[in-house]
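Peer 1:
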Amino acid sequence: MRAIAISDFGADPELIQAPEPEPRPGELLVRLRAAAYNPVDHKIASGAMKDRVSPRFPFIMGQDGAGVVTAVGREVSGFRPGDEVYGRFTDPPRGLGSYAEYGVVAQDGPVARMPKGMIPEQAAAVPTATGTARDLVEAARLDEGQTVLIVGATGGVGQSAIQLAALRGARVIATSSPGAEDLVRALGAAETVDHTAGPVADQVRAAHPEGIDAVLDLVSPAGATRPLEELLRPGGVICSVLHALDPDALAARELRGVNVINRLTPQVLSDLADLIDAGRLRVRVQAQVPLERTPAALAGLATGHARGKTVITM
Ligand SMILES: NC(=O)c1ccc[n+]([C@@H]2O[C@H](COP(=O)([O-])OP(=O)(O)OC[C@H]3O[C@@H](n4cnc5c(N)ncnc54)[C@H](OP(=O)(O)O)[C@@H]3O)[C@@H](O)[C@H]2O)c1
Numbered sequence: 008m009r010a011i012a013i014s015d016f017g018a019d020p021e022l023i024q025a026p027e028p029e030p031r032p033g034e035l036l037v038r039l040r041a042a043a044y045n046p047v048d049h050k051i052a053s054g055a056m057k058d059r060v061s062p063r064f065p066f067i068m069g070q071d072g073a074g075v076v077t078a079v080g081r082e083v084s085g086f087r088p089g090d091e092v093y094g095r096f097t098d099p100p101r102g103l104g105s106y107a108e109y110g111v112v113a114q115d116g117p118v119a120r121m122p123k124g125m126i127p128e129q130a131a132a133v134p135t136a137t138g139t140a141r142d143l144v145e146a147a148r149l150d151e152g153q154t155v156l157i158v159g160a161t162g163g164v165g166q167s168a169i170q171l172a173a174l175r176g177a178r179v180i181a182t183s184s185p186g187a188e189d190l191v192r193a194l195g196a197a198e199t200v201d202h203t204a205g206p207v208a209d210q211v212r213a214a215h216p217e218g219i220d221a222v223l224d225l226v227s228p229a230g231a232t233r234p235l236e237e238l239l240r241p242g243g244v245i246c247s248v249l250h251a252l253d254p255d256a257l258a259a260r261e262l263r264g265v266n267v268i269n270r271l272t273p274q275v276l277s278d279l280a281d282l283i284d285a286g287r288l289r290v291r292v293q294a295q296v297p298l299e300r301t302p303a304a305l306a307g308l309a310t311g312h313a314r315g316k317t318v319i320t321m
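With our numbering as the guide, the letters of the sequence shown map in order to residues 8 to 321.
(1) Looking only at its chain, what residues have a beta carbon closer than 7 angstroms to the beta carbon of Gly80, apart from the 5 residues adjacent to it on each side?
(2) Between which two residues does the beta strand (DSSP E) holding Leu35 run?
(3) Nearest-angstrom Cα distance between Ala55 and Gly116?
(4) If we call anything under 7 angstroms between Cβ atoms a contact, is Phe96 one with Gly85?
(5) Would you call Phe66 buried or exposed, if buried means 16 or more other Cβ atoms sit within 10 Å of its Cβ?
(6) Would you check whether ligand 1 has a heavy atom nearer than 6 angstroms to the C-beta of Gly152?
(7) Taking a contact to mean a Cβ-Cβ separation below 7 angstroms, would you say Gly165 touches Val179 in this structure?
(8) So what does DSSP say about Arg120, is it helix, strand or coil?
(9) Looking at the unbroken alpha helix (DSSP H) that takes in Glu188, where does it start and where does it end?
(10) Cα-Cα, which of His250, Met321 and His49 is closest to Arg300?
(11) Would you decide whether Asp58 is buried or exposed? Buried here means 16 or more other CB atoms lie within 10 Å of its CB.
(12) Hey, how far is the Cα of Glu91 from the Cα of Ala221?
(13) Is the beta carbon of Ser167 within less than 6 angstroms of some heavy atom of ligand 1?
(14) Under the criterion of a Cβ to heavy atom distance below 6 angstroms, does Ile11 qualify as lining ligand 1?
(15) So, for Ala147: in the same chain, excluding its five sequence neighbours on each side, which residues have a beta-carbon less than 6 angstroms away from its beta-carbon?
(16) On the DSSP bridge list, what partners appear for Thr317?
(17) Could you tell me if the beta carbon of His49 falls within a distance shorter than 6 angstroms of some heavy atom in ligand 1?
(18) Starting from the C-beta of Ala229, find all residues in its chain whose C-beta is less than 6 angstroms away, skip the five residues before and the five after it, and write them out in chain order.
(19) Hey, which unbroken runs of the alpha helix (DSSP H) at 4 residues or more fall wholly within the region 39–113?
(20) Which first and last residues belong to the beta strand (DSSP E) in which Val200 is found?
(21) Where Pro302 and Ser183 are concerned, what is the direct C-alpha to C-alpha distance, given to the nearest angstrom?
(22) Quick check: the Cα distance between Val329 and Ala259, rounded to an integer number of angstroms?
(23) Report all residues from its chain with a CB closer than 6 angstroms to the CB of Arg175; omit the five preceding and five following residues, and keep chain order.
(24) Between Leu103, Gly72 and Ala52, which lies nearest to Pro26 when the distance is taken from Cα to Cα?
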């Protein structure tokens, strides 16, 4: 099968021919029609997460994907060939990932039936980004009438976080660089802040001197969250996807801090599919890239200026 792989940490991604994986007991073999790019794919490939991810090389990049089950291993009961599924297809110790024509996933792993109204090129964009947005909104326990600032709102996670926060009845302030305001407002943001025009915290404080209830931070590294924390009312909550927070220090200041790590479950994928099918959640695919052009496209994606998701087509 064709796949995009790296020969070592830090090596350039290349189009390779790899053996089609065999489904093990309890696994599904899926003919992937699409995969999605997530920033973590670059972080893993660079070796920045090698304490947690130990792949066999050549290592096929990518996690998220969607396609059709073509075979099942022994002891699989919940799925059969022909089922359209989406989820996370990665097994680093076997060198497997989702930028490939075939992927495997455990039947009780991060996989579920695809949203009915989606094609694979849309469904592949959902798992990690929208799953993380859902984890953020849950961790913040957002409620009707609360005001939440989303920093990094124009990217894959942010666009879903805006919608999921608004669905809970929260008033969303979204960061946006010039030209993206209409996009985030269409997703449900009530206010926008131009993060290229000056410090976000200063702009939000000027508009909300009384403070806000929550911050979902997709951007700030450790050591850079203090100005955002200071926007919160007593009892407020800040959530980071970059492990930037010290929850104990925040608790001492009557604030809640949550470092969110995405844990994608079949239930989350099913819940997201229901929201999508009900027309309550949209996922914007910004670009589609054929598999063979992915190595060149990945260099551009590393700059991190996404306006939605980039999907790789097989
Ligand atoms: N902990 C976890 O489990 C987990 C899960 C998923 C993602 N993540 C991490 O979360 C981050 C976001 O992921 P993503 O998929 O949403 O990335 P993405 O699709 O690449 O989007 C990044 C967005 O951030 C915006 N941005 C960059 N610098 C900014 C700033 N200073 N202020 C405001 N916005 C800024 C960019 O807009 P501009 O073009 O305007 O700069 C872009 O729209 C990544 O670092 C990713 O690795 C963590």
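Using N, Cα and C, we set each Cβ at its ideal position, and we do this for glycine too.
Peer 2: Result, derived from the coordinates:
(1) A distance below 7 angstroms between beta-carbons, with the five flanking residues on each side excluded, links Gly80 to the following residues of its chain, in chain order: Pro30, Arg31, Pro32, Gly33 and Glu34.
(2) For Leu35, the uninterrupted beta strand (DSSP E) run begins and ends at Glu34 to Ala43, by DSSP.
(3) Distance between the alpha carbons of Ala55 and Gly116: 25 angstroms.
(4) In this structure, Gly85 does not lie closer than 7 angstroms to Phe96 by Cβ.
(5) Buried, since its Cβ has 16 or more Cβ neighbours within 10 Å.
(6) Outside the cutoff, so no.
(7) By the CB criterion at 7 angstroms, Gly165 and Val179 fall outside the cutoff.
(8) Strand at Arg120.
(9) Per DSSP, the continuous alpha helix (DSSP H) segment holding Glu188 begins and ends at Glu188 to Leu194.
(10) Nearest option by C-alpha distance: Met321.
(11) Here Asp58 is exposed. Its C-beta has fewer than 16 other C-beta atoms within 10 Å.
(12) When rounded, the distance between both Cα atoms is 37 angstroms.
(13) The closest heavy atom of ligand 1 lies 6 angstroms or more from the beta carbon of Ser167.
(14) Not one heavy atom of ligand 1 sits closer than 6 angstroms to the Cβ of Ile11.
(15) Here the set comprises Ala221, Val244 and Cys246.
(16) The beta-bridge partner set that DSSP reports for Thr317 consists of Ala294.
(17) No.
(18) Around Ala229: Ala251.
(19) Here the runs fully enclosed are 46–53.
(20) Counting along the chain, the beta strand (DSSP E) containing Val200 begins and ends at Glu198 to Asp201.
(21) Each residue's Cα considered, the two are about 28 angstroms apart.
(22) For residue 329 there is no data in the structure shown, the boundaries of the chain being 8 and 321.
(23) The answer, listed in chain order, is Leu149.
(24) Distance from the Cα of Pro26 is smallest, within the candidate group Leu103, Gly72 and Ala52, for Leu103.
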